[in-house]
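There are 2 protein chains.
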Amino acid sequence: MTAASAQAWSSGPNCGSRRSNCSQTPLLPLGRRSRTVTSRSFQAGRSGGPPGRRRRAERPPGLRAPRPRASPRGGGAGRGGAGRARGPGGGAGSRPPRPSVSPRSQSAPAEAGSAPPAARGAPRAAPGAQRHGAGQDLQLVGARRALPHVAGRPRLRRHVVCAVNALAHHVLNKDLSDIVGDFRGFYRQLTSDGQLRWIGPEKGVVHLATAAILNAVWDLWAKQERKPLWKLLVDMDPRTLLSCIDFRYITDVLTEEEAYEILQKGQVGKKEREGQMLMHGYPAYTTSCAWLGYSDDTLKQLCTEALKAGWTRFKVKVGADLQDDVRRCRLIRNMIGPEKTLMMDANQRWDVPEAVKWMSKLAEFKPLWIEEPTSPDDILGHATISKALAPLGIGVATGEQCHNRVIFKQLLQAKALQFLQIDSCRLGSVNENLSVLLMAKKFEIPVCPHAGGVGLCELVQHLIIFDFISISASLQNRMCEYVDHLHEHFRYPVIIKKASYMPPKDAGYSTEMKEESVKKHQYPDGEVWKKLLAAQEN
Amino acid sequence: MTAASAQAWSSGPNCGSRRSNCSQTPLLPLGRRSRTVTSRSFQAGRSGGPPGRRRRAERPPGLRAPRPRASPRGGGAGRGGAGRARGPGGGAGSRPPRPSVSPRSQSAPAEAGSAPPAARGAPRAAPGAQRHGAGQDLQLVGARRALPHVAGRPRLRRHVVCAVNALAHHVLNKDLSDIVGDFRGFYRQLTSDGQLRWIGPEKGVVHLATAAILNAVWDLWAKQERKPLWKLLVDMDPRTLLSCIDFRYITDVLTEEEAYEILQKGQVGKKEREGQMLMHGYPAYTTSCAWLGYSDDTLKQLCTEALKAGWTRFKVKVGADLQDDVRRCRLIRNMIGPEKTLMMDANQRWDVPEAVKWMSKLAEFKPLWIEEPTSPDDILGHATISKALAPLGIGVATGEQCHNRVIFKQLLQAKALQFLQIDSCRLGSVNENLSVLLMAKKFEIPVCPHAGGVGLCELVQHLIIFDFISISASLQNRMCEYVDHLHEHFRYPVIIKKASYMPPKDAGYSTEMKEESVKKHQYPDGEVWKKLLAAQEN
């Protein structure tokens with residue numbers, strides 16, 4: 001978008017808005033023509049994104065091991081207050097241009113892979129940012145940005161971006177108001193696409209693409225409202241919020257009326273909880289200390305640093321080798337002491353009987369939960385494991401690869417989990433996550449979001465902060481995953497203070513990446529990949 | 001492959017092989033260099049396939065409405081006996097070339113999109129067939145052919161072919177013996193691909209692509225053994241057969257030893273059941289009469305023809321409008337009488353309570369089952385529906401969009417279905433279908449395969465005939481779906497006699513399509529699509 005519109009959209013230091021009901025927000029055209037984007041502008045081959053950590057908790061190629069850090073990362077500067085971008089023609093009073101999505105002229109191919117422009121005067125603004133396109137750039141680029149899971153996995157990313165392209169005709173030439181005015185209908189339109197439904201339905205590539213597109217729409221909507229996404233949701237009246245949710249296939253467990261009652265109850269004490277979040281943030285746990293493959297020395301070092309930094313909740317990866325797990329869990333438990341919280345994560349390595357047997361051996365280290373003990377599709381398997389481990393005081397956590405609300409509905413029905421881990425990019429964006437947050441509340445199961453992938457922390461913090469303020473109203477047994485990993489590539493990285501997520505204050509869904517990062521990690525021509533691929537050849 | 005090798009691989013009229021144990025089959029090199037194929041040879045843009053019927057049971061563009069036909073289609077000619085291709089240097093005694101998959105030289109791009117060549121002298125042999133490539137052509141082309149679900153859904157097909165390409169490095173430069181020698185390991189290798197697992201796991205595009213590649217491998221293996229696939233499986237010793245199955249995530253319900261016992265029991269009376277199949281075929285039901293959107297007159301006409309042709313089992317699509325359903329079901333039940341079998345299919349249209357309510361209204365028409373009443377992911381929902389409809393004598397059937405063995409395992413555990421509908425291309429090929437057939441046997445749930453999509457009948461008939469001969473040993477409550485639709489595009493179309501599938505006699509998995517069909521339906525440049533796309537523009 002242009003610097004002016006970026007400025008116009010940036011929220012005030014207190015994220016205040018003079019509209020408390022987003023549904024009443026008119027999206028008036030300013031008569032200024034916006035730049036356009038061709039579908040070429042999100043071709044996979046030209047899309048960027050840094051290499052993420054690999055499956056099985058290996059380190060990503062050419063990336064430093066994550067190191068816990070407690071002090072707020074650079075985000076302090078340039079975020080809110082004095083640091084915030086201030087430009088002519090901006091300010092809270094000015095109206096934004098009407099966002100819309102339309103084909104970009106062939107004349108601007110060079111901008112295809114570029115990140116959203118910086119607000120004029122914003123710290124680290126990319127050179128020439130002002131030359132970049134309009135609001136809809138943000139939306140389309142956002143659709144590519146909103147692929148944290150797949151950033152850095154080029155073969156994989158290509159598929160998802162390809163699916164985003166296949167769904168593009170649903171958004172191109174639409175005004176934001178057309179989309180959010182009937183958001184439930186639009187969600188259903190994307191997930192019921194005649195052809196693409198066949199390669200789902202509501203799962204795999206096509207659902208990741210749905211999430212990417214809708215995450216970008218939510219980012220645009222929040223910017224339009226000059227609010228961070230969590231605040232957009234908190235301020236939204238319950239009926240409008242419910243109109244974003246597709247209740248199809250879950251009405252046997254949660255009707256719209258039940259959901260409305262939950263949200264109404266959530267209104268009580270909302271202001272206080274928002275104040276609490278702004279002051280203390282949302283509790284986090286760290287996964288940065290104990291990846292598989294770390295030497296005991298590295299593990300000790302990272303653990304020591306994390307303790308110094310004030311972390312009190314730790315997750316260790318398990319499942320490769322039992323004796324190795326016993327040694328590493330003993331080491332960590334001894335370091336953090338009996339009071340602090342330890343969680344374990346098996347990344348789907350076991351069959352059901354194996355999971356029970358293995359965890360019985362690790363019970364002595366008092367884990368709060370075992371995460372992904374088996375296939376993410378195995379609802380009844382998770383239920384069996386939950387039942388078997390309950391007497392040992394070990395809960396079951398899963399969700400990062402549960403592909404839609406129907407799976408979460410059953411996990412709750414079957415008492416298959418004690419900790420529900422939503423994912424901001426696996427489910428169908430905010431829309432579907434809202435339905436899962438509401439079902440979790442009905443079953444009184446704490447939501448502890450999955451994060452850590454490239455940008456996942458940036459996105460999911462909005463959802464869990466909204467959950468606390470408007471739905472769960474509780475922090476008991478609740479925390480959000482945190483991995484100190486690759487945040488430097490994001491324009492609005494998370495801020496962690498005293499092992500808690502501090503609520504983002506910038507408008508939007510925090511999905512934007514830095515232009516220089518995107519360029520550098522462009523596959524296969526970016527500097528980073530060129531080096532990696534050359535190294536592989538030698 | 002060359003005419004000579006085609007001949008060498010073609011099975012005798014009785015499909016006999018002098019090897020009864022495929023696992024002992026050496027794959028000896030003949031010293032003849034085989035032609036090669038580049039990965040370009042299955043680029044999505046160049047892949048073909050006829051338009052299939054659309055979701056919601058609409059007619060595919062530009063295709064005649066399916067009409068039941070009982071007499072064996074042209075397949076009689078050129079299939080077995082005198083009609084079979086006989087070429088010099090062929091004969092049952094001659095050895096095939098060693099199949100392998102390696103990059104095709106750039107010199108033969110024109111062959112990239114071509115169908116496998118016809119055996120010399122075979123009816124309707126494509127001109128210049130002899131010029132076509134070697135065994136591995138069949139395997140790679142097979143990977144594109146083995147996409148029945150997606151043929152004719154160009155945006156969708158593009159994704160799956162793209163995923164096939166992404167998995168290609170697992171097969172390229174491999175000998176068939178390398179793959180089938182450790183088939184379980186190879187299956188695990190495909191489904192555990194570090195990057196692509198993220199966009200599954202074992203679901204969606206990447207799993208359809210796994211199925212496509214493995215279906216092609218099975219086609220090649222069966223041709224190598226000069227047997228139709230069903231016969232390859234029937235003759236395979238149980239241990240070898242089990243070595244093709246990945247038991248991961250299902251051992252809580254079926255261990256390898258339990259599976260072995262099932263197969264051992266299946267040996268008893270096998271020869272008689274094979275004889276029974278060869279003589280009478282496997283019972284089928286027709287879905288051709290009662291698509292949604294057919295006028296009552298069309299419905300009557302098709303029903304009359306089907307009855308004349310000897311059909312005794314009929315499926316009607318329901319779920320769009322209750323009153324419409326009542327009228328159509330009454331019409332069909334009146335036409336077929338009280339004795340014949342009627343099934344209903346809702347194609348996932350309902351929520352759980354809605355499904356129970358709706359079917360209670362249609363119970364008077366005595367349907368044997370309601371198919372896909374709700375989301376294919378909703379195991380517990382199907383269980384609830386099953387329990388509610390049992391007193392009405394209505395069973396629940398599902399499976400065509402159940403994405404892997406873990407879902408089927410749970411459907412069986414939860415008593416969520418009374419009829420299990422495997423799909424030859426949704427699950428991970430024969431390998432994963434074998435595990436589902438064995439689990440179904442353990443729970444004594446009849447398997448009634450899904451078919452009807454482009455080529456699905458051709459493939460799945462092999463699996464269900466094997467199931468009867470070697471696993472279930474029963475025809476009670478069992479039948480295979482049949483739609484008289486687009487078989488004319490296949491080189492070895494199904495043969496239906498007296499409403500039964502007659503066991504294929506040609507070597508392979510019946511996946512091959514005719515070269516002229518592929519050319520004609522190439523997207524977007526094929527004659528058919530050019531017309532359709534031009535029509536859309538006007």
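Protein chains in written order, with full-length UniProt numbering: chain V, 1 to 538; chain Z, 1 to 538.
Each residue gets a CB set at the ideal place from its N, CA and C atoms; glycine is no exception.
Could you tell me the boundaries of the beta strand (DSSP E) in which R313 of chain Z lies?
-> Boundaries of the beta strand (DSSP E) around R313 of chain Z: 313-317.
- Query: Does N404 of chain Z get closer than 8 Å to chain V when you measure Cβ to Cβ?
  - Reply: Any Cβ of chain V closer than 8 Å to the Cβ of N404 of chain Z would place that residue at the interface, and such an atom is present.
Report task. Classify V356 of chain Z as buried or exposed, calling it buried when 16 or more other Cβ atoms lie within 10 Å of its own Cβ. Result -> It is buried - the Cβ of V356 of chain Z has at least 16 other Cβ atoms within 10 Å.
Self-check item: chain V residues whose Cβ lies nearer than 8 Å to that of D252 of chain Z
Solution: Residues of chain V passing the Cβ test: D351, V352, P353, G381, T384.
Segment contact, 8 Å Cβ cut-off, at least three pairs: the segment 305-319 of chain Z with the segment 505-523 of chain Z
Too few Cβ pairs lie closer than 8 Å, so no.
Discussion item. Runs of 4 residues minimum, wholly inside the segment 444-518 of chain Z: which ones carry the alpha helix (DSSP H) assignment?
Written reply: You should have 456-466.
**Asked** Residues in its own chain within less than 7 Å of K409 of chain Z by CB, not counting five upstream and five downstream?
**Response** The residues are I250, V253, M439.
*Alpha-carbon spacing of A85 of chain Z relative to D178 of chain Z, whole angstroms*: Unreliable positioning characterises A85 of chain Z in this predicted model, as indicated by a pLDDT of 31, which lies under 50. A coordinate reading is not provided.
_Those runs of the beta strand (DSSP E) which lie wholly inside the segment 249-326 of chain Z and span at least 3 residues_ = As far as the segment 249-326 of chain Z is concerned, its whole beta strand (DSSP E) runs of at least 3 residues are 282-290, 313-317.
For D345 of chain Z, which three-state DSSP category applies?
Taken through DSSP and simplified to helix, strand or coil, D345 of chain Z comes out as strand.
Please state whether the Cβ-Cβ distance between E458 of chain V and T511 of chain V is less than 8 Å. For the pair E458 of chain V and T511 of chain V, the CB atoms are nearer than the 8 Å cut-off.
Within 10 angstroms of the Cβ of P228 of chain V, are there 16 or more other Cβ atoms? Answer buried if so, exposed if not. Flag for P228 of chain V reads buried.
Secondary structure at F419 of chain Z, three-state DSSP: helix, strand or coil?
Strand.
Checklist entry - Would a check of beta-carbon distances place Y523 of chain Z closer than 8 Å to chain V? => result Chain V contact via Cβ: absent.
Legend entry - Bridge-paired residues (DSSP) for V396 of chain Z: V396 of chain Z is bridged to Z:I370.
L220 of chain V to I245 of chain V, Cα distance in whole Å? Cα to Cα, the separation comes out at about 18 Å.
- prompt: What does a CB cutoff of less than 8 Å around D321 of chain V pick up in its chain, not counting 5 residues either side in sequence?
  reply: Closer than 8 Å at the Cβ level, and outside the excluded window around D321 of chain V, lies no residue.
Quiz prompt | T255 of chain Z versus I262 of chain Z: straight-line alpha-carbon distance, rounded | solution = Taken atom to atom, the span from the alpha-carbon of T255 of chain Z to that of I262 of chain Z is near 11 Å.
How long is the line joining the alpha carbons of D237 of chain V and F468 of chain V, rounded to whole angstroms?
Going by the C-alpha atoms only, they are around 16 Å apart.
Worksheet item: Thinking C-beta only, is V430 of chain V closer than 8 Å to W230 of chain V?
Response: Their beta carbons are not under 8 Å apart, which means W230 of chain V does not touch V430 of chain V by this criterion.
**Study point:** Close Cβ partners of Y492 of chain V (< 8 Å) along its chain, the five nearest in sequence each way excluded
**Key:** G75, R79, E458, P504, D506, G508, S510, E512, listed in sequence order.
**Prompt:** Can you round the beta-carbon distance between K203 of chain Z and N404 of chain Z to whole angstroms, since I take them to be within the 8 Å contact cut?
**Reply:** Correct: roughly 6 Å between the Cβ atoms.
Exercise for the section: Confirm, please, whether the CB-CB distance from S360 of chain V to L392 of chain V is below 8 Å. Expected result: At the C-beta level, L392 of chain V and S360 of chain V come within 8 Å of one another.
If I measure Cβ to Cβ from L380 of chain Z and keep anything under 7 Å in the same chain, skipping five residues before and after, which residues do I get?
Excluding residues within five positions, the ones whose Cβ falls inside 7 Å are A414.
Short CB-CB distance (under 8 Å) between T374 of chain Z and chain V: With 8 Å as the cut-off, T374 of chain Z counts as an interface residue toward chain V.
M279 of chain V burial status per 10 Å Cβ neighbour count (16 or more: buried)
With fewer than 16 Cβ atoms within 10 Å of its Cβ, M279 of chain V is classed as exposed.
Quiz prompt | Residue-chain proximity (R248 of chain Z, chain V), Cβ-Cβ < 8 Å | solution = For R248 of chain Z, a Cβ of chain V is located within less than 8 Å of the residue's own Cβ.
- Query: Taking F466 of chain Z as the reference, which of Z:S192, Z:L417, Z:Q224, Z:Q276 has the closest Cα?
  - Reply: Closest in alpha carbon position to F466 of chain Z, among Z:S192, Z:L417, Z:Q224, Z:Q276, is Z:Q276.
Q: Determine which residues of the segment 386-420 of chain Z have a Cβ less than 8 Å from any Cβ of chain V, and write them out in chain order.
A: Correct list: Q401, H403, N404, V406, I407, K409, Q410, Q413, A414.
Where L208 of chain Z meets chain V, residues with beta-carbon distance less than 8 Å
By Cβ distance, chain V contributes I199.
For Q476 of chain Z and G395 of chain Z, what's the separation of their Cα atoms in angstroms?
One C-alpha to the other measures close to 14 Å.
### Query
Do V326 of chain V and M344 of chain V come within 8 Å of each other at the CB atom, strictly closer than that value?
The answer is no: Cβ separation not under 8 Å.
* **Interface residues of the segment 225-245 of chain V facing chain Z [CB-CB below 8 Å]** => Residues: none.
- Message: Distance cutoff 8 Å, beta carbons only. Does A163 of chain V sit that close to anything in chain Z?
- Response: So yes, A163 of chain V belongs to the interface.
Exercise for review: Can you say whether V447 of chain V is buried or exposed, counting buried as having 16 or more other CB atoms within 10 angstroms of its CB?
Suggested key: Its Cβ being crowded by 16 or more others within 10 Å, V447 of chain V is buried.
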